[in-house]
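Okay, structure first, notes after.
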Amino acid sequence: MNLKQTIKRILREESSAKTRLKNVIEKLGPLEAVNAVGSAKKMFEIMELDYNDIEVQEYIVKNYIYHNEFEDVLFLEVNRVSPSKTIIKSNIKPDTAANHTSWFDSVICDNFNRVFPFKIEPVWNFEWAKDKKTKIFVESETSKEEENINESNKDKKITCDNCGWSWKLSEGGDDPYTCHKCWNENQMIESELTEKCWKGYTQKGMKTMFGKRYPNCVKNKKK
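Heads up, our numbering is the position in the sequence shown plus 26, with the first residue counted as 1.
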């Protein structure tokens with residue numbers, strides 16, 4: 027094998043490694059991706075991601091929360107409160123006790139911070155930590171309305187992001203977001219509360235990151 031072929035093979039393997047890690051993060055959670063390569067920093071290195079970037083942090087934390095082992099998260103709300111601070115709210119099952127949510131937030135932060143090179147904080151530490159480097163704050167509440175099948179969403183159509191097969195939410199049984207053709211566990215689309223940019227910034231179209239669309243907020247120029 028000549029040098030050109032060797033370089034092509036390495037690039038192909040590197041690319042497939044990035045794709046495999048991305049799939050693991052989104053289907054099993056970033057903790058499994060870390061376990062697969064040995065460390066969180068190695069995971070970011072292979073995926074060529076800057077873990078100091080707030081959008082990268084949002085992506086990792088959202089998938090970490092979705093795949094946590096303590097509570098079933100129905101959906102997430104993401105609120106970029108400033109260019110460098112984001113609050114991610116977990117909406118969990120209504121049968122969870124209200125005082126259980128603070129425990130959930132603490133456990134999520136403690137376990138996450140043991141593994142990953144950037145830190146997250148519970149939202150009640152926001153004022154205390156807002157001048158620190160912490161960019162992601164988490165909170166949770168019991169969902170006011172279960173996101174399972176009800177009269178308002180029973181005809182909602184789900185399309186598998188793996189094989190493209192579609193079905194009505196009401197036809198999904200106990201796991202309405204699981205594809206019964208390829209058994210891919212599709213994620214519920216979280217509420218993105220970032221449609222309006224923060225003060226001093228203007229939205230200039232949209233941008234795509236990891237297959238999802240985000241507002242492109244650009245700092246206003248001084249006249």
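No residue lacks a Cβ here, since even glycine has one placed at the ideal position from N, Cα and C.
Asked                                                                                                                  : Found
Euclidean distance between Cα positions of Phe152 and Trp191                                                           : 42 Å
Residue of Phe142, Trp193, Thr185, Trp150 minimising C-alpha distance to Asn250                                        : In the structure displayed, the chain extends from 27 to 249; residue 250 sits before or after that span and is not available.
Burial state of Asp76 (16 or more Cβ within 10 Å)                                                                      : exposed
Beta-carbon separation (whole angstroms), Glu97 vs Ile113, contact threshold 8 Å                                       : Contact doesn't hold; Cβ gap of about 18 Å is too wide.
Beta-carbon proximity check, Met73 vs Leu57, cutoff 7 Å                                                                : no
Given Gln83 as reference, the closest of Leu100, Ser65, Phe101, Ser110 once Cα atoms are compared                      : Ser110
Expected contact under 8 Å - CB spacing of Glu165 and Val149 to nearest Å                                              : 4 Å
Buried versus exposed call for Lys67 [16 or more other C-beta atoms within 10 Å across all chains shown]               : exposed
Those runs of the beta strand (DSSP E) which lie wholly inside the region 80-158 and span at least 3 residues          : 99-108, 111-118, 146-148
Nonlocal neighbours in the same chain, by C-beta distance under 8 Å from Cys189, ignoring five residues either side    : Cys205, Lys207, Cys208, Asn210
Neighbourhood of Val63 by C-beta distance below 8 Å, restricted to the same chain and skipping five residues each side : Leu47, Met69, Ile72
Contact set for Val133: own chain, Cβ-Cβ below 7 Å, skip 5 residues either direction                                   : Phe96
Alpha-carbon spacing of Val50 relative to Thr160, whole angstroms                                                      : 26 Å
Counted within 10 angstroms of its Cβ, other Cβ atoms place Ser116 as buried (16 or more) or exposed                   : buried
Status (buried if at least 16 other CB within 10 Å, exposed otherwise) for Asn139                                      : exposed
Between the CA atoms of Cys186 and Trp193 - distance to the nearest angstrom                                           : 9 Å
DSSP three-state assignment for Glu173, whether helix, strand or coil                                                  : Residue placement at Glu173 is flagged as unreliable, the pLDDT there being 44, under the threshold of 50; the coordinate-derived value follows with that caveat. Coil, per DSSP.
Unbroken alpha helix (DSSP H) run spanning Glu71, endpoints                                                            : 66-73
Three-way DSSP call (helix, strand, coil) for Lys44 in this model                                                      : helix
Helix, strand or coil at Leu37 [DSSP, three-state]                                                                     : Caution applies to Leu37, whose pLDDT of 48 falls short of 50 and renders its modelled position unreliable; the value that the coordinates give is listed next. In this structure, Leu37 counts as helix in the three-state DSSP scheme.
DSSP beta-bridge partners of Val63                                                                                     : Answer is none; Val63 lacks a bridge partner.
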